[in-house]
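Chemist:
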Amino acid sequence: MQSSSSLFPVALISAERRGDLSEDVYRLKPGNSPDGTVELAVTRLGLAEVAESRGVPVILLHGSFSNRRFWYSPKGLGLGAYLARQGFDVWIPEMRGHGLSRRNRDYAKNRVADYARYDLPAIAAFVREQSGQIPHWIGHSLGGTTLAAALGGQYLGAPAVASVALFGCQVSRTYWPLKIPPVEWGGRFILKRFAQLSGARLKRGPEDEPIGLALESMRWHGLFGRFGDGERDWWKGLAEVDVPLLAVSAAGDRQDPDWACRKLLEQVGSEHRQYLCLGRRQGFSGDFGHVEMLVSKAAQVEVWPLVERWLKDPLTPVTGAQPEVLAVG
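Taking numbering that gives the first Met the number 0, the leading residue of the sequence shown gets 0, the next gets one more, and so forth.
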């Protein structure tokens with residue numbers, strides 16, 4: 000089968016019309032990581048009637064225990080579908096072993112370090128090749144963390160990133176028991192007995208997560224841990240990042256609290272930075288939660304239009320009739 004890309008093997012595995020939207024699903028085989036079995040499914044959304052005249056590309060990265068359906072439901076709802084209907088060229092990757100992306104040989108060992116170093120650059124190159132434009136990136140939760148790692152590790156930069164929006168993303172929340180070495184060692188010993196964490200069993204979402212992610216997170220939060228891998232300190236690297244950045248927290252988010260999301264933003268060296276907290280005190284209808292900040296009827300009315308505004312002009316403050324926005328830098 001002829002590849003859909005000149006970069007690496009890519010197969011168009013489905014091309015469907017979903018109401019007013021076109022849905023093309025590609026399977027990428029970048030072959031750029033130590034595990035040569037890695038395959039990544041990437042869904043492209045656009046308006047069915049104007050498929051040949053697509054707009055600005057936007058890449059949406061889902062969080063943990065999730066897949067493309069966080070952005071685009073079978074009924075054609077979600078931020079991804081909304082942006083496609085506003086004329087954007089929407090791309091939705093699914094991380095290794097999630098959704099339509101098959102589990103790779105070393106699935107249990109998958110880490111953010113692998114996503115950031117190998118997968119995101121391959122996705123960026125493919126989207127640029129297909130669209131002819133530099134994409135904007137939006138990440139939620141772990142998707143945002145992966146974006147931060149890719150930026151701080153200098154795996155992604157201005158040539159591949161027009162702007163970045165991080166929703167519910169932080170790496171500074173402290174888990175004090177992990178600062179006690181015997182507790183961390185014991186936890187790692189127990190976790191290594193498993194290959195994955197079940198999203199359904201933990202009531203966190205429809206997908207499983209490889210145990211490698213949990214072990215990596217424990218290392219970050221250990222006594223001498225840092226946000227990085229053995230080669231690079233991603234946290235320090237964020238100070239060198241120079242792309243427009245929007246960081247969004249939710250006042251009702253107990254998983255990734257407001258103060259920690261703000262701290263991540265403040266570490267980034269970009270000249271153009273904006274911070275937004277979705278809460279009643281900031282002029283929104285209520286205190287949004289970790290998921291509700293992007294997936295809810297309230298988000299559809301109050302948050303999605305702000306995302307659209309940001310994508311159209313990341314250099315201008317995201318101001319609206321109600322929300323209070325903190326512009327930094």
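Yeah, the Cβ is synthetic: ideal placement off N, Cα and C, and Gly gets one too.
In terms of residue numbering, what span does the beta strand (DSSP E) encompassing Thr275 cover?
Modeler: Working through the sequence shown from its first residue, we reach residue 275 at position 276. Thr is not the amino acid found at residue 275; the sequence shown has Leu there. First-last of the beta strand (DSSP E) with Leu275: Arg272 to Leu277.
Chemist: So the beta strand (DSSP E) Gly138 belongs to, where does it begin and stop?
Modeler: On the sequence shown, residue 138 is found 139 positions in, with the first residue counted as 1. Per DSSP, Gly138 belongs to the beta strand (DSSP E) from His135 to His139.
Chemist: When you compare only the Cα positions, how much space is there between His220 and Val170?
Modeler: By 1-based counting over the sequence shown, the position of residue 220 is 221. By 1-based counting over the sequence shown, the position of residue 170 is 171. Answer to the nearest angstrom: the Cα atoms are 9 Å apart.
Chemist: If I'm right that Leu244 touches Arg272 with Cβ under 8 Å, what's the distance once you round it to whole angstroms?
Modeler: Translated into positions along the sequence shown, residue 244 becomes position 245. Translated into positions along the sequence shown, residue 272 becomes position 273. Right, the Cβ-Cβ distance comes to about 5 Å (below 8 Å), so this counts as a contact.
Chemist: When the Cα atoms are used, what is the spatial distance from Asp376 to Ala147?
Modeler: With the chain represented from 0 up to 328, any question about residue 376 goes unanswered, as that position is not in the structure.
Chemist: Reducing DSSP to helix, strand and coil, say where Arg53 ends up.
Modeler: Counting from 1 along the sequence shown, the entry for residue 53 is found at position 54. Coil.
Chemist: So, for Pro205: in the same chain, excluding its five sequence neighbours on each side, which residues have a beta-carbon less than 8 Å away from its beta-carbon?
Modeler: Within the sequence shown, numbered from 1, the residue matching residue 205 stands at position 206. Cβ within range, chain order: Phe64, Ser65, Asn66, Arg68, Gly198 and Ala199.
Chemist: So the alpha helix (DSSP H) Tyr81 belongs to, where does it begin and stop?
Modeler: Reading the sequence shown from its first residue, position 82 is the one you call residue 81. Per DSSP, Tyr81 belongs to the alpha helix (DSSP H) from Leu78 to Arg84.
Chemist: Just to confirm, does Ile133 get its C-beta within under 7 Å of one of the non-hydrogen atoms of the ligand COA?
Modeler: Summarising the ligand content, the structure contains no ligands, and the ligand COA is consequently not present.
Chemist: Per the DSSP calculation, Gly45 is bridged to which residue(s)?
Modeler: Looking up residue 45 in the sequence shown gives position 46. Bridge partners of Gly45: Ser21.
Chemist: Measure the C-alpha to C-alpha separation of Cys168 and Ala80 and round it to an integer number of angstroms.
Modeler: Numbered from 1 along the sequence shown, position 169 holds the residue referred to as residue 168. Numbered from 1 along the sequence shown, position 81 holds the residue referred to as residue 80. Computed Cα separation, rounded: 22 Å.
Chemist: Please report the residue range of the beta strand (DSSP E) in which Ala246 lies.
Modeler: In the sequence shown, counting from the first residue as 1, residue 246 sits at position 247. First-last of the beta strand (DSSP E) with Ala246: Leu244 to Ala249.
Chemist: DSSP three-state call for Glu323: helix, strand or coil?
Modeler: In the sequence shown, counting from the first residue as 1, residue 323 sits at position 324. Only weak support exists for where Glu323 lies, its pLDDT of 47 falling under 50; the value from the coordinates is given anyway. Looking at Glu323 - three-state DSSP - the assignment turns out to be coil, as it is neither helix nor strand.
Chemist: Let me know the secondary structure DSSP gives Glu208 once reduced to three states.
Modeler: Position 209 of the sequence shown holds residue 208. In the structure shown, Glu208 sits in a strand (DSSP, three-state: E or B).
Chemist: Using three-state DSSP, classify Gly227 as helix, strand or coil.
Modeler: Taking the sequence shown and counting its residues from 1, one reaches residue 227 at position 228. Strand.
Chemist: Would His135 pass as a contact of Leu310 if the rule is Cβ separation under 8 Å?
Modeler: The count along the sequence shown starts at 1 and reaches residue 135 at position 136. The count along the sequence shown starts at 1 and reaches residue 310 at position 311. Yes, Cβ-Cβ distance for His135 and Leu310 is below 8 Å.
Chemist: In the structure shown, what three-state DSSP assignment does Arg253 receive?
Modeler: Your numbering for residue 253 matches position 254 in the sequence shown. Arg253: coil per DSSP, three-state reduction.
Chemist: What residue does the alpha helix (DSSP H) around Ala115 start on, and which one ends it?
Modeler: In the sequence shown, the residue the question calls residue 115 occupies position 116. Element bounds for Ala115: n/a, residue is neither H nor E.
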